[in-house]
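Protein chains in written order, with this note's numbering: chain A, 10 to 97; chain B, 2 to 121.
Here it is, written out as structure tokens:
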């Protein structure tokens with residue numbers, strides 16, 4: 010067996026073992042939320058984990074368009090003291 | 002005419018009557034600026050996410066307006082001059098935000114009702 014083939018097989022196995030994850034999806038596309046309201050604290054809190062940072066889209070799976078709107082909403086909510094800038 | 006939503010926070014010590022008076026005054030400001038107030042929502046006292054000055058809580062009021070930009074600027078100027086107001090935010094409504102949808106911040110568990118009066 011060609012060592013390169015063996016390598017490939019190994020990689021495939023690795024992928025099967027560790028890289029199987031649930032497909033990420035954009036919550037806002039899925040639920041057809043037309044407008045991300047900065048006043049909806051409960052929704053926004055889901056995207057600001059303990060420290061109060063904005064959850065990155067590579068992890069949350071939010072699409073680019075909605076991530077931008079989400080960012081705007083979170084920043085507005087922070088301005089009016091509905092969400093913390095930082096929390097520790 | 003542009004649609005805006007405008008929130009102001011008064012210090013927690015302000016009584017209901019004082020807030021009502023403020024709302025009345027600001028409504029007049031908007032109407033004299035040839036705009037109109039579409040809706041007023043009073044959220045009451047709620048915990049601030051961070052300390053503002055020396056305040057931990059604030060009394061939130063939300064306006065939905067339709068007015069010329071000059072009137073909105075005048076409104077903000079009045080917010081700034083009033084020392085009962087600790088924070089404010091005015092945002093243009095780009096899309097037609099469904100107005101029958103109540104502000105969902107109001108039902109968050111952080112909202113505090115009126116303080117219970119202790120029986121003597």
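Glycine included, C-beta positions come from ideal geometry on N, C-alpha and C.
Whole-angstrom distance between residue j and residue i, CA atom to CA atom
i: residue 86(A); j: residue 18(B); result: 27 Å
i: residue 89(B); j: residue 19(A); result: 59 Å
i: residue 40(A); j: residue 32(B); result: 38 Å
i: residue 68(A); j: residue 11(A); result: 37 Å
i: residue 70(B); j: residue 78(A); result: 24 Å
i: residue 119(B); j: residue 83(A); result: Its pLDDT being 46, under 50, residue 119(B) is placed unreliably by the model, and nothing is read from it.
i: residue 50(A); j: residue 91(A); result: 7 Å
i: residue 66(A); j: residue 95(A); result: 19 Å
i: residue 42(A); j: residue 47(B); result: 26 Å
i: residue 61(A); j: residue 15(A); result: 46 Å
i: residue 20(B); j: residue 11(B); result: 8 Å
i: residue 15(B); j: residue 35(A); result: 42 Å
i: residue 67(B); j: residue 58(A); result: 36 Å
i: residue 34(B); j: residue 33(A); result: 49 Å
i: residue 49(B); j: residue 17(A); result: 56 Å
i: residue 2(B); j: residue 36(B); result: 7 Å
Neighbour list for residue i in chain A, Cβ cutoff strictly below 7 Å
i: residue 51(B); result: 90, 93, 94
i: residue 8(B); result: 89
8 Å Cβ cut-off: residues of chain A touching residue i
i: residue 76(B); result: Near residue 76(B) there are no residues of chain A at all, since even the closest Cβ is about 15 Å away, more than 8 Å.
i: residue 4(B); result: In chain order: nothing, as chain A lies at least about 13 Å away.
Below-8 Å beta-carbon distance, residue i vs any chain B residue
i: residue 77(A); result: no
i: residue 85(A); result: yes
CB contact check: residue i to chain A, cutoff 8 Å
i: residue 45(B); result: no
i: residue 66(B); result: no
i: residue 41(B); result: no
i: residue 14(B); result: no
i: residue 36(B); result: no
i: residue 26(B); result: no
i: residue 29(B); result: no
Per-residue contacts from residue i into chain A (C-beta, under 9 Å)
i: residue 54(B); result: Going along chain A, no residue has its Cβ under 9 Å from residue 54(B), so there is no contact; the nearest lies around 11 Å.
i: residue 90(B); result: 47, 85, 88, 89
Simplified DSSP state of residue i, which is helix, strand or coil
i: residue 31(A); result: coil
i: residue 50(B); result: strand
i: residue 74(A); result: helix
i: residue 94(A); result: coil
i: residue 85(A); result: helix
i: residue 19(A); result: helix
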